[in-house]
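Going letter by letter, the sequence shown gives residues 38 to 456 in this note's numbering.
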Amino acid sequence: MKKVVVFALFMLVTLGQLFSAQPLRTPFIEMFIEGKRIVDGSEINVNKGQQFTLLTQIKGGRADFVQFPDTYADLGDDDKIISRSYNKLIYEKDGVVHKWEIIDEDIDLESDTKIKLLVNNELVNKQQTDVFIPVDKVEKTYIKVKVTTTWSYDNGTSTTTEQNTAESLIHLNIQGNTNEWFATPNIRAAGAKEEQVEEKLQAIQTSYDKIEMLLNTFEFTSMMGEIQQLRSTVGQLEDRIEYLVANEPTKHSDIFFIGLPSDQAISDIDDFRTLSTAWNDLEELVKKQQIKLHTITKADDKLTRRNLLGLIKPFISWEEALPGNAEALLQYYANDFNWENTNIRTFLAFNPAEERINNIEQSLVDFQRFLDNRAENIEAEKQKIQYALTRLQAVRIFDGMLMGFFSSLNFARWQNTRK
């Protein structure tokens with residue numbers, strides 16, 4: 038009998054540990070370059086004149102508590118979550134209403150002064166930084182990211198604040214021809230530096246950037262004039278190169294053009310096709326999981342944590358299969374698109390990566406709310422995706438013009454960067 042009592046106590050302690058709140062993870066920064074996760078302290082090879090996108094997002098700390106209170110907050114059966122989102126949590130515990138809310142988030146990027154960093158803070162709970170690598174004789178450099186979040190806590194009688202800070206470091210090895218004297222995302226020049234050639238190359242890169250902007254914003258009426266300006270400047274560059282070859286050969290440079298101003302828009306067409314297919318798949322998945330949930334909840338057997346996780350996981354897999362830039366694309370081409378509605382983690386009070394549900398009743402309510410939201414909004418989202426895709430298709434006309442022009446050049450080499 039004594040052994041039975043001891044075993045029962047052991048099981049109660051074990052279950053209590055299993056379903057009690059986990060300690061908050063130490064704050065850390067999750068980093069991605071062009072969709073690929075980068076580990077803190079990594080060394081990355083980059084090229085002179087290269088441009089790439091760095092995504093950073095703080096995880097752990099108070100963000101764990103607010104985003105996944107079922108996992109990281111010690112909530113009992115009688116406690117309830119009143120409202121929650123990525124950066125705000127209101128819950129009632131022991132009859133007292135508690136509120137945690139982020140009031141400030143500061144991102145600080147440190148690097149070599151010659152590297153240009155352009156930060157976009159508009160994405161949901163993350164920062165996007167466009168990084169521009171210089172052509173200067175710099176072989177090694179770094180990017181240090183520091184994120185500080187300030188949280189406010191209010192329990193109705195007192196208010197306090199809490200700060201979470203995390204840092205990450207990336208080492209950059211800058212590669213490239215040592216003979217290169219000009220490098221931008223779309224142009225390289227090697228050989229002898231020449232003032233007038235440099236002037237034309239800078240003007241051509243400016244035209245590249247402007248045409249790309251006009252294509253991405255569908256300002257097609259201005260497109261033909263800008264393409265004509267680009268052709269004219271390239272023609273002037275060709276005249277100058279021919280003059281130098283004939284009259285001052287020691288000042289000659291080899292010119293390399295890389296890609297087209299339409300590359301990004303054409304890439305976005307492919308990504309939007311992927312999004313269009315994904316949203317059709319999502320619509321079918323929502324219907325399928327609604328039926329499964331209804332069948333399980335109506336059965337005599339009680340809904341288990343394993344069953345609920347089995348219903349949720351396909352949505353996690355669906356989201357992870359989206360293009361890495363899906364949120365940024367939808368923000369850019371369909372700026373009223375609500376990404377938080379798409380992300381199931383916004384709705385769940387537990388961290389699905391931990392595969393642990395403490396409060397199954399709360400999790401069931403959260404999941405049902407997610408399904409209802411998807412059923413209500415998915416058709417409108419599909420229409421927005423299709424509208425953006427239709428507009429992007431018109432880019433192909435101008436892409437054909439640009440492709441024909443650059444592929445016909447003889448005085449310079451052109452690299453087609455399409456996969």
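Glycine included, every Cβ here is placed at the ideal spot set by N, Cα and C.
Going residue by residue through the region 337-395, where are the continuous alpha helix (DSSP H) segments of at least 4 residues, counting only ones entirely within it? Note on the region 337-395: whole alpha helix (DSSP H) runs with a minimum of 4 residues are 342-357, 363-370 and 376-379, in chain order.
For Leu251 and Val172, what's the separation of their Cα atoms in angstroms? Approximately 27 Å between the Cα atoms of the pair.
What residue from Val323, Thr383, Lys419 and Ala302 has the CA that sits closest to Arg411's CA? For Arg411, the closest C-alpha among the options Val323, Thr383, Lys419 and Ala302 is that of Val323.
Report the option in Glu80, Ile303, Asp115 and Glu263 whose CA atom is closest to the CA atom of Arg433. Residue Ile303 is the option with its Cα nearest to Arg433.
Report the residue ranges of all alpha helix (DSSP H) runs contained in full by the region 128-156; include only those spanning at least 4 residues, in chain order. None, since the region 128-156 contains no complete alpha helix (DSSP H) of that length.
What number of angstroms, rounded off, separates the C-alpha of Lys421 from the C-alpha of Gln87? Near 32 Å, if we compare the C-alpha coordinates of Gln87 and Lys421.
The ligand SAH and Tyr245: does any heavy atom of the ligand fall closer than 7 Å to the residue's C-beta? With respect to the ligand SAH, the structure shown offers nothing to examine, as it has no ligands at all.
Taking only the alpha-carbon atoms, compute the straight-line gap between Val76 and Met68 and give it to the nearest angstrom. Their backbone Cα atoms lie some 7 Å apart in a straight line.
Alpha-carbon spacing of Glu231 relative to Ile152, whole angstroms: In this structure, the alpha-carbon of Glu231 lies about 24 Å from that of Ile152.
Check Asp436 in the structure and name its three-state DSSP category. Reduced to three states, the DSSP call for Asp436 is helix.
If you reduce the DSSP assignment to three classes, tell me which class Phe69 lands in. In the structure shown, Phe69 sits in a strand (DSSP, three-state: E or B).
What number of angstroms, rounded off, separates the C-alpha of Phe255 from the C-alpha of Leu429? Phe255 and Leu429: Cα-Cα distance of roughly 8 Å.
Pull up the CB-CB distance for Gly213 and Asn84, whole angstroms please, since I reckon it's below 8 Å. Asn84 and Gly213 do touch by the CB rule: their CB atoms are close to 5 Å apart, below 8 Å.
Inter-residue Cα distance where the pair is Phe44 and Arg382: No answer about Phe44 holds up, because its pLDDT of 38 lies below 50 and its placement is not dependable.
Could you tell me which residues DSSP puts in a beta bridge with Lys237? Lys237 is not bridged to any residue.
Going by Cα to Cα distance, which pick from Phe374, Asn253, Val133 and Phe407 is closest to Phe435? Considering only alpha carbons, the answer is Asn253.
What three-state label does DSSP hand Thr243 in the structure shown? Here Thr243 sits in helix by DSSP.
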